[in-house]
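Structure first, commentary second.
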């Protein structure tokens, strides 16, 4: 007769296992799985703890790619990926539904989960490259769908430290201009642009992985702090780019609230617990400039807003206290020395690989000459080669303007390191890590796919932090669509 061990004692025993062994034990039987999940034994031990790379969407390219740290070929594991083992699907093929690989993009990332759309929003799915699992979302009710494929944004709300379940929000697009306004000419256009937006109440379609269904949630406007008194359609229009702008504003999920860069001058904060929203002014006026790309993201300090203008990098942190919200300037650095050093570095005719490489499966007939390798070491943000930014006497081969600035070299922000005071930058598809405390810069790798038709430009980028939370989302399993 088998000895019945009390749940408390058995949970204590399981809790002493290493994470991978605990993941395997969880797969043994349903009672063990329920005990591990119910006590949260595995949840916090599988949280993202490191940066694995940067995800890129490209203009005119049919799929995203991951520029990531080199992985030894011996890094495979005998533990199934679904149980917490294996290696990250860097090529992003095993994590994607087979029928959705024709033309797709990552639209949001949150603690290891990717929200992806297929054929410009015709379908949505969530995947986890670390566990190689995915779930296709059902279509929202057509009578309530906020603009369909033209929704202003699709965003992921997920905190694995709180729950293995996630939510997806479809932010409504700006209201269509009424036909009578078009007839009225300038007066109608002025009336349309001055219309209050977002309205209160604000209806948003939200998908829950716990229920497997879309629901219409109503958010009410909340005032306070640096919240704008009233915003209009004109205020919430996206800033104008003529050069590869992001297709939707970036977002952050922080302490139960989703922050969305809604327009050029504003960030919308959605509280998922109170169903209230707040409009927060950005810390700087964003002028329409094709080379200016602000970035809202999560850094070590929390919700952060980065901006590069005239080679000056500024980073603000959003501080919240006693119901008040305000931006605090945390960093300000001149990137001119870094630009000079990059220009003086001999990358050669063929771009040089760094410690990070772009993982991709390449058809033989599309292979090009292998790129030269700068380093075979795995990236270590504390102990790796730095480009010297101390020297100020450089010979620059590219054209320089009257003020001594290079017209053709400029940085864009790719994202923040969530655990260190590092910001990731890109210059002509070359990726760098810039250390905010020391102003040192590291070359990481070249982000252009190895086969292409012309020169690629980046649409969006996401700093990828792998997490093993994947099968823990209840209704979903690998190769399974969500319940209708």
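Residue numbers (the working numbering): 40 to 523. For every residue, glycine included, the Cβ atom is placed at its ideal position computed from N, Cα and C.
Spatial neighbours of residue i in its chain, beta-carbon cut-off 7 Å, leaving aside the 5 residues before and after
{"i": "residue 441", "result": "Legend: pLDDT at residue 441 = 44, less than 50; position of this residue unreliable, value from coordinates given subsequently. Around residue 441: no qualifying Cβ."}
{"i": "residue 301", "result": "275, 288 and 307"}
{"i": "residue 80", "result": "50, 53, 54 and 61"}
{"i": "residue 404", "result": "Here residue 404 scores only 39 on pLDDT, less than 50, and its place in the model is too uncertain to base an answer on."}
{"i": "residue 346", "result": "323, 333 and 353"}
{"i": "residue 238", "result": "none"}
{"i": "residue 341", "result": "293, 356 and 357"}
{"i": "residue 136", "result": "164, 173 and 175"}
{"i": "residue 221", "result": "Confidence at residue 221 is low in this model, with a pLDDT of 48, below 50, so its placement is unreliable and the value that follows should be read with caution. 227, listed in sequence order."}
{"i": "residue 296", "result": "308, 309, 310 and 311"}
Cβ pair residue i, residue j closer than 8 Å
{"i": "residue 291", "j": "residue 336", "result": "yes"}
{"i": "residue 211", "j": "residue 190", "result": "yes"}
{"i": "residue 231", "j": "residue 258", "result": "no"}
{"i": "residue 71", "j": "residue 64", "result": "yes"}
{"i": "residue 270", "j": "residue 318", "result": "yes"}
{"i": "residue 456", "j": "residue 294", "result": "no"}
{"i": "residue 488", "j": "residue 100", "result": "yes"}
{"i": "residue 348", "j": "residue 367", "result": "no"}
{"i": "residue 105", "j": "residue 458", "result": "no"}
{"i": "residue 398", "j": "residue 129", "result": "yes"}
{"i": "residue 324", "j": "residue 304", "result": "yes"}
{"i": "residue 173", "j": "residue 156", "result": "no"}
{"i": "residue 496", "j": "residue 98", "result": "yes"}
{"i": "residue 261", "j": "residue 316", "result": "yes"}
{"i": "residue 209", "j": "residue 179", "result": "yes"}
{"i": "residue 285", "j": "residue 108", "result": "no"}
{"i": "residue 311", "j": "residue 472", "result": "no"}
{"i": "residue 171", "j": "residue 133", "result": "yes"}
{"i": "residue 468", "j": "residue 450", "result": "no"}
{"i": "residue 181", "j": "residue 253", "result": "no"}
Secondary structure of residue i, DSSP reduced to three states
{"i": "residue 232", "result": "helix"}
{"i": "residue 379", "result": "helix"}
{"i": "residue 480", "result": "strand"}
{"i": "residue 153", "result": "strand"}
{"i": "residue 48", "result": "helix"}
{"i": "residue 72", "result": "helix"}
{"i": "residue 65", "result": "helix"}
{"i": "residue 53", "result": "helix"}
{"i": "residue 60", "result": "helix"}
{"i": "residue 262", "result": "coil"}
{"i": "residue 226", "result": "helix"}
{"i": "residue 79", "result": "coil"}
{"i": "residue 249", "result": "coil"}
{"i": "residue 128", "result": "coil"}
{"i": "residue 242", "result": "strand"}
{"i": "residue 142", "result": "coil"}
{"i": "residue 297", "result": "strand"}
{"i": "residue 304", "result": "coil"}
{"i": "residue 451", "result": "strand"}
{"i": "residue 470", "result": "strand"}
Range of the contiguous alpha helix (DSSP H) that encloses residue i
{"i": "residue 44", "result": "Neither: residue 44 is in no alpha helix (DSSP H) and is coded neither H nor E."}
{"i": "residue 460", "result": "No alpha helix (DSSP H) contains residue 460, which DSSP labels as neither H nor E."}
{"i": "residue 348", "result": "No alpha helix (DSSP H) holds residue 348; the beta strand (DSSP E) holding it covers 341–348."}
{"i": "residue 272", "result": "272–275"}
Proximal residues to residue i (C-beta, below 6 Å), its chain only, five neighbours per side dropped
{"i": "residue 287", "result": "192"}
{"i": "residue 352", "result": "372 and 374"}
{"i": "residue 75", "result": "65 and 81"}
{"i": "residue 15", "result": "The question about residue 15 has no answer here: the residues shown for the chain are numbered 40 through 523."}
Contact set for residue i: own chain, Cβ-Cβ below 8 Å, skip 5 residues either direction
{"i": "residue 475", "result": "354, 370, 372, 460, 461 and 462"}
{"i": "residue 506", "result": "85, 86, 87, 150, 151, 152, 167, 169 and 199"}
{"i": "residue 102", "result": "131, 140, 142, 143 and 144"}
Unbroken beta strand (DSSP E) run spanning residue i, endpoints
{"i": "residue 165", "result": "162–167"}
{"i": "residue 373", "result": "363–373"}
{"i": "residue 356", "result": "351–360"}
{"i": "residue 107", "result": "104–108"}
{"i": "residue 338", "result": "334–338"}
{"i": "residue 395", "result": "395–398"}
{"i": "residue 497", "result": "497–503"}
{"i": "residue 318", "result": "315–320"}
{"i": "residue 206", "result": "206–210"}
{"i": "residue 194", "result": "192–196"}
**Message:** For the stretch 239–252 against the stretch 200–208, do three or more pairs of beta-carbon atoms, one drawn from each stretch, fall closer than 8 Å, so that the two count as touching?
**Reply:** yes
**At least 3 beta-carbon pairs within less than 8 Å: the stretch 471–490 vs the stretch 92–106** = yes
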